[in-house]
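Participant:
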Amino acid sequence: MALDNIRLEVMNTVEKSVQGFIEKYLIPVEEIWQPTDLLPNLQNESGFDEVHQIREEAKELGYDFWVVLVADMVTEEALPTYESWLMDMEGVEQHGKSKGEHNAWAKWVRHWTGEENRHGDTLNKYLYLSGRVDMKEVEKTTQHLINDGFDIGTGRDPYRNFVYTSFQELATNISHKRVGQLAKKKGNKMLGKMCNIIAGDEMRHYMAYREFVKTIFEHDPSEMMLAFQDMMKKKIVMPAQFIRESGQGIAEAFENFSNAAQRLGVYTTYDYIDILRKLNDYWEIDKMRSLTDDAEKARDYLMALPDRMHRIADRIAVPQDQHKFKWVEANGMV
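Note that my numbering gives residue 128 to position 128 of the sequence shown, counting from 1, and the numbers run on in steps of one.
(1) Return helix, strand or coil for isoleucine 243, following the three-state DSSP convention.
(2) Which residue wins for smallest C-alpha separation from methionine 194, given the options Ser175, Lys278, Glu284?
(3) To the nearest angstrom, how far is the alpha carbon of valine 328 from that of valine 70?
(4) So is alanine 317 buried or exposed if we call it buried at 16+ other beta carbons inside 10 Å?
(5) DSSP three-state call for threonine 269: helix, strand or coil?
(6) Check whether the Cβ atoms of isoleucine 273 and methionine 231 lie closer than 7 Å to each other.
(7) At a cut-off of 6 Å, would you count valine 318 as near the ligand COA, judging by its Cβ distance to the nearest heavy atom?
(8) Between the alpha carbons of aspartate 314 and threonine 13, how many angstroms are there, rounded?
(9) Measuring alpha carbon to alpha carbon, tell me which of Arg263, Asn41, Val92 ends up nearest glycine 62.
(10) Between leucine 129 and isoleucine 54, which are expected to be in contact by the criterion C-beta below 8 Å, what is the C-beta distance as a whole number of angstroms?
(11) By Cβ distance below 6 Å, which residues in the same chain neighbour threonine 165 in space, the five residues on each side in sequence not counted?
(12) For the region 152 to 205, list the alpha helix (DSSP H) runs that are entirely contained and at least 4 residues long, ordered along the chain.
(13) Just the C-alpha distance for glutamine 229 and histidine 52, rounded to the nearest angstrom, thanks.
(14) Since glutamate 90 and arginine 7 are thought to touch, with beta carbons under 8 Å apart, how far apart are those beta carbons, to the nearest angstrom?
(15) Taking only beta-carbon atoms, is proline 221 less than 7 Å away from chain B?
(16) Candidates Leu291, Ile275, Lys297: which alpha carbon is nearest aspartate 307's?
(17) Closest to isoleucine 312 by CA distance: which of Tyr270, Asp281, Ala295 is it?
(18) Can at least three beta-carbon pairs, one atom from the region 279 to 289 and one from the region 242 to 260, be found at a separation below 8 Å?
In structure tokens form, the structure reads like this:
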């Protein structure tokens, strides 16, 4: 049987469990939080007092913090790219095989998108109310990122895609959680709460995607192992890899944003390594048996990779010079 056919058969098999994953890891619309639960209610007179509070508390947050918060928000706002990418995976169909039937994978992607959409909405409105960033420049960056799309090296392969989403959801959980902790430490309780709640969503999504991979390992261990190895050899690139400011070329802002995140300790090379360790442990890579010869080599590579990466990371210094972004520099902040 052709490799693509095997993957499609596995996706069809796992699809039977997807409704259960939706019920376990996603929350119905009527029950989940919405951005207005966390932001000032401007239908009430007290809402304007809360806006004033946001603006005063925002003055305590430093330059790198705003750079990272803007980039995190823009990343969340590029959701149209992520939905179209996931909808294009092998095994995901817009509709079911018969009239009135819904493909469970497509249902997952849509419901996941609905939850993720709230994150960008929340942070966008917060940034607008804070008065600390140049929103027009931020908006241009968002539009550029959607226009430019991204290439994460997965193609239409669900195995590689689910490795990526497992990794990336935990990375965004870490980033949002740390940003929230920094905000709270500076006395900004409202922003701290927003980021912490968003991080909670990302954790649920991470738990779901890692479960997808675990289930695939049960049905097609050798090919799943090779896909995991391939993604780690390519390196997991962030969804904002092509981020740019107005007037720049594709991806020109990413390194400076990444350096700001590392200086703040929001997301570092060591976090990347720790995520790999967690995935190796959860998927019990070291216990995998009955693999092809190539898959056994892939398993050994994956088990040795975290220590190898750690030795390299110890020798890399993070640049300390702050790049002046158009998003923030209009406020004269240092």
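Cβ coordinates follow ideal geometry from the N, Cα and C atoms, glycine included. Here the structure is a predicted model, which means the values were calculated and not measured.
Facilitator: Here's the rundown:
(1) Residue numbering aside, residue 243 sits at position 243 when the sequence shown is read from its first letter. Isoleucine 243 falls in the coil class under three-state DSSP.
(2) Along the sequence shown, one-based indexing puts residue 194 at 194. Closest by alpha carbon: Ser175.
(3) Taking the sequence shown and counting its residues from 1, the one referred to as residue 328 is at position 328. Taking the sequence shown and counting its residues from 1, the one referred to as residue 70 is at position 70. Cα to Cα, valine 328 sits roughly 9 Å from valine 70.
(4) By one-based count along the sequence shown, residue 317 stands at place 317. Counting C-beta atoms within 10 angstroms of its own C-beta, alanine 317 has fewer than 16 neighbours from the protein chains shown and is therefore classed as exposed.
(5) Position 269 of the sequence shown holds residue 269. Helix.
(6) Within the sequence shown, the letter at position 273 stands for residue 273. Within the sequence shown, the letter at position 231 stands for residue 231. Cβ atoms of isoleucine 273 and methionine 231: not closer than 7 Å.
(7) Inclusion of the ligand COA in the displayed structure is not the case, the ligand content being empty and no account of it being possible.
(8) Along the sequence shown, read from residue 1 onward, the residue named residue 314 stands at position 314. Along the sequence shown, read from residue 1 onward, the residue named residue 13 stands at position 13. Each residue's Cα considered, the two are about 43 Å apart.
(9) Position 62 of the sequence shown, counted from the start, is the residue given in the question as residue 62. When each option's Cα is compared against that of glycine 62, the closest is Arg263.
(10) For the purposes of this step, residue 129 is taken as the residue at position 129 of the sequence shown. For the purposes of this step, residue 54 is taken as the residue at position 54 of the sequence shown. About 5 Å separates the two Cβ atoms, so the contact holds.
(11) As a position in the sequence shown, residue 165 is number 165, starting the count at 1. Taken in chain order, the residues that qualify are Tyr209.
(12) As far as the region 152 to 205 is concerned, its whole alpha helix (DSSP H) runs of at least 4 residues are 158 to 185.
(13) Counting from 1 along the sequence shown, the entry for residue 229 is found at position 229. Counting from 1 along the sequence shown, the entry for residue 52 is found at position 52. The straight-line gap from Cα to Cα measures roughly 50 Å.
(14) The residue given as residue 90 occupies position 90 in the sequence shown. The residue given as residue 7 occupies position 7 in the sequence shown. Indeed, because the Cβ distance is near 6 Å, the residues count as touching under 8 Å.
(15) The chain inventory of the structure shown lacks chain B, comprising one protein chain alone.
(16) As a first step, residue 307 must be located in the sequence shown, where it is residue number 307. Minimum Cα distance to aspartate 307 is reached at Ile275.
(17) By 1-based counting over the sequence shown, the position of residue 312 is 312. Relative to the Cα of isoleucine 312, the nearest Cα in the group Tyr270, Asp281, Ala295 belongs to Tyr270.
(18) Contact between the region 279 to 289 and the region 242 to 260 is absent, because fewer than three Cβ pairs lie under 8 Å.
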